[in-house]
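Enquirer: Sequences listed follow chains A and B, in order.
As numbered in the working numbering, residues 1 to 242 make up the first sequence, in order.
As numbered in the working numbering, residues 1 to 242 make up the second sequence, in order.
Glycine included, each C-beta is placed from N, C-alpha and C at the ideal position.
Only a predicted model underlies this, so the values are computations on that prediction, with no experimental measurement involved.
Shown below is the structure under consideration.
Protein chains: 2
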Amino acid sequence: MSFDGQLPPKTRLLRAAAELLANSAGGAVSTRQITQLAGVTAPTLYHHFGDKEGLFDAVVAAGFEEYVAGERDFAPSGQPLEDIRRMWDNHVQFGLKQPELYLVMFGNIRPESRPAVVADAEGLMEEMLNKAAVAGQLNVPPREAARSILAANVGVTLMLITEKAPERNLELSTMTRDAMIFAVSSDQAKNSGPEESGKSSVVVAAIALNAALQASHSDQLSSSELKLFLEWLHRISTSSTS
Amino acid sequence: MSFDGQLPPKTRLLRAAAELLANSAGGAVSTRQITQLAGVTAPTLYHHFGDKEGLFDAVVAAGFEEYVAGERDFAPSGQPLEDIRRMWDNHVQFGLKQPELYLVMFGNIRPESRPAVVADAEGLMEEMLNKAAVAGQLNVPPREAARSILAANVGVTLMLITEKAPERNLELSTMTRDAMIFAVSSDQAKNSGPEESGKSSVVVAAIALNAALQASHSDQLSSSELKLFLEWLHRISTSSTS
DNA sequence: CACTTCATATAGCGTTGCTATAGGTGCTAG
DNA sequence: CTAGCACCTATAGCAACGCTATATGAAGTG
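So, in structure tokens, the structure goes:
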């Protein structure tokens, strides 16, 4: 009973729904919970929003405003591709900060029915990619690039949400992000080739690592560790393996 | 009333649930629909599966068998990265062929609770990427690569499912797929990126050796030595990021 | 005041997932 | 043959769900 104030019932319903949605640990949120917290009765909800989904859409719209605001604040950095990077990070952070709301926005998938918010987010990203295209930095049409990047962005965010907070590894995000941006950008040479680079064995890999380590004296290991490490490498690389 | 045959009620329930799930155009499937189609009553369902979710999990498990079978059939092509490509395509095709089942498997996301099927799919992909790592074709540890690729794979599939069938553009899939595979592969030169050029050969070799050692159970080192050795390798192969 | 319009409440419908309880079935043991 | 014992299924019903037909109040307009 927190919203019995003087606010109009419509606003109270919106806030109650948003709060319950944010704190519902995965479980569903019922209209009775919402109306009780808002201090109104059922018909009021349906009078203003027509539907439970209508109410949720309204909450999502408010959440989307916040999301878009975050995107626009970061926008004018001059380098479009860098802005895309920030859009990606903002997207992920929004999803992790408000997972329940994010799931209502991007996770409530049904076949052949595309949530409006997805189209909006896609348009936002396409708009940004358009600047990159004008600058000759794009390899593919902005629309395709936006769809592809957004798909990966949503996929990564969903996967991160399913992980327990302390174990979340944001490197998954940055790595995927850079992979996607790199793939659509044009000013980088991509002499690709699906050929293999010769099959390696334990011995070959050990020899390569041995040589590389001695050449670049990595600082990931202490000197004493490195000495023992190299000795073991030598033992492996000089033995005849299976 | 299609399953009133002589099959055991458990099987009838599974088939009825699978059929209703496959034909439910986005809408929810109720236990009463399932039990009626299966020709049994409610307690039978709960006796065998405990829960509605338990029944769905069983359906998903069956669907996952099919999914895995598709993955394994394509597996032994000799070129691990090409196999990853086929795994990706098989994943997308599975999602588009049975969208409802796919959504139950990969779309039923709740925060901090990861469906078992995701972990399985991740393990399957990691297993395949391990071969690529042994061949020195990987730029990042197989686990991270698998998570990243799978996240993008799910994201793309979900996005394609939301589109109406005639408008589906599979180029979105192939483009994202190749971008992800390219990003984790090592045998391609990546001159000039947003940051410095690709990983050094030390990291590539360490990743390859790490995978090879875990796969071949080398007896060149004692178990305690091996443990420390692998720990160092892990330290090297997961360092030197952005 | 009469009248319309908008907003909220009362009460209840049909459906949902699920279960307490009881009854039927096929088995092995005596 | 029958007694007992698991195992499986059915009857009936609960609480909660989304939603609505209907009625009541408040506000503005002639």
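Between the C-alpha atoms of G67/A and F94/A, what's the straight-line distance to the nearest angstrom?
Expert: Here residue 67/A is taken as the residue at index 67 of the first sequence, counted from 1. Here residue 94/A is taken as the residue at index 94 of the first sequence, counted from 1. Note that residue 67/A corresponds to Tyr in the displayed sequence, not to Gly. When rounded, the distance between both Cα atoms is 7 Å.
Enquirer: Strictly by DSSP, which residues pair up with R110/B?
Expert: Stepping through the second sequence from its first residue, residue 110/B is reached at position 110. Looking at the DSSP assignment, R110/B forms a beta bridge with S113/B.
Enquirer: Any contact between the segment 19–31 of chain B and the segment 79–87 of chain B? By contact I mean 3 or more CB pairs, one from each, below 8 Å.
Expert: No, they do not touch.
Enquirer: Report all residues from its chain with a CB closer than 7 Å to the CB of R177/A; omit the five preceding and five following residues, and keep chain order.
Expert: Numbered from its first residue, the first sequence carries residue 177/A at position 177. Here the set comprises R85, W88.
Enquirer: Around the Cβ of L21/B, are there at least 16 other Cβ atoms within 10 angstroms (buried) or fewer (exposed)?
Expert: Numbered from 1 along the second sequence, position 21 holds the residue referred to as residue 21/B. Label assigned to L21/B: buried.
Enquirer: Enumerated in chain order, which unbroken segments of the beta strand (DSSP E) with a length of 3 residues or greater are wholly contained in the segment 80–141 of chain B?
Expert: If we require 3 residues or more, the segment 80–141 of chain B turns out to have no beta strand (DSSP E) run fully inside it.
Enquirer: How big is the Cα-Cα spacing for S173/B and Y102/A?
Expert: As a working note, residue 173/B is residue 173 in the second sequence. As a working note, residue 102/A is residue 102 in the first sequence. Their backbone Cα atoms lie some 23 Å apart in a straight line.
Enquirer: Per DSSP, S185/B forms a beta bridge with which residues?
Expert: Within the second sequence, numbered from 1, the residue matching residue 185/B stands at position 185. L138/B, per the DSSP bridge assignment.
Enquirer: Could you work out which residue in L124/A, A58/A, E144/A, L160/A is closest to M180/A when comparing CA atoms only?
Expert: Residue mapping note: residue 180/A aligns to position 180 of the first sequence, counting from 1. Nearest C-alpha to M180/A: E144/A.
Enquirer: Less than 8 Å between CB atoms is the rule here; does S192/A satisfy it with respect to chain B?
Expert: Walking along the first sequence from the start, residue 192/A turns up at place 192. Confidence at S192/A is low in this model, with a pLDDT of 33, below 50, so the placement of that residue should be treated as unreliable; the coordinate-derived value is given next. By this cut-off, S192/A is an interface position.
Enquirer: Check the Cβ of A16/B against every Cβ in chain A and list those closer than 8 Å, keeping chain order.
Expert: For this step, residue 16/B is matched to residue 16 along the second sequence. Here the premise fails: no neighbours, minimum Cβ distance about 20 Å.
Enquirer: Do you know how far the Cα of L124/B is from the Cα of R147/A?
Expert: Residue 147/A sits at position 147 when you count from the first residue of the first sequence. Residue 124/B sits at position 124 when you count from the first residue of the second sequence. So the alpha carbons of these two residues sit roughly 27 Å apart.
Enquirer: According to DSSP, simplified to helix, strand and coil, what is T162/B?
Expert: As a first step, residue 162/B is located in the second sequence; it is residue number 162 there, counting from the start. Of the three classes helix, strand and coil, the one that applies to T162/B here is helix, per DSSP.
Enquirer: Looking at chain B, which residues of the segment 133–162 of chain A have a Cβ within less than 9 Å of any of its Cβ atoms?
Expert: Listed by position along the chain: V140, E144, A145, R147, S148, I149, L150, A151, A152, N153, V154, G155, V156, T157, L158, M159, L160, I161, T162.
Enquirer: How about I161/A and L96/A: are their beta carbons less than 8 Å apart?
Expert: Position 161 of the first sequence, counted from the start, is the residue given in the question as residue 161/A. Position 96 of the first sequence, counted from the start, is the residue given in the question as residue 96/A. Going by C-beta atoms, I161/A is nearer than 8 Å to L96/A.
Enquirer: Between which two residues does the alpha helix (DSSP H) holding R12/B run?
Expert: Position 12 of the second sequence, counting from 1, holds the residue named residue 12/B. It spans 9–23 - the alpha helix (DSSP H) in which R12/B sits, taken as one unbroken run.
Enquirer: What does E126/A reach in chain B if we use C-beta pairs closer than 7 Å?
Expert: Within the first sequence, residue 126/A is the residue found at index 126, counting from 1. Ordered by position in chain B, no residue passes the 7 Å Cβ test against E126/A, which lies about 13 Å from the chain.
Enquirer: Would you mind working out which of S186/A, I109/A, T157/A sits nearest G132/A, comparing C-alpha positions?
Expert: Here residue 132/A refers to the residue found at position 132 of the first sequence. According to the sequence provided, residue 132/A is Ala. The question's Gly does not apply to it. Considering only alpha carbons, the answer is S186/A.
Enquirer: Pick helix, strand or coil for L170/B, following the three-state DSSP scheme.
Expert: Position 170 of the second sequence, counting from 1, holds the residue named residue 170/B. If DSSP states are grouped into helix, strand and coil, L170/B belongs with coil.
Enquirer: Under 7 Å Cβ to Cβ from T31/B, same chain only, skipping five residues before and after it: list those, please.
Expert: By one-based count along the second sequence, residue 31/B stands at place 31. Taken in chain order, the residues that qualify are A42, L45, K52.
Enquirer: Give the secondary structure of S148/B by DSSP, where H, G and I count as helix, E and B as strand, and everything else as coil.
Expert: Position 148 of the second sequence holds residue 148/B. In this structure, S148/B counts as helix in the three-state DSSP scheme.
Enquirer: Throw me the rounded Cβ distance for the H48/A and L13/A pair, which I believe falls under 8 Å.
Expert: Indexing the first sequence from 1 puts residue 48/A at position 48. Indexing the first sequence from 1 puts residue 13/A at position 13. Correct: roughly 7 Å between the Cβ atoms.
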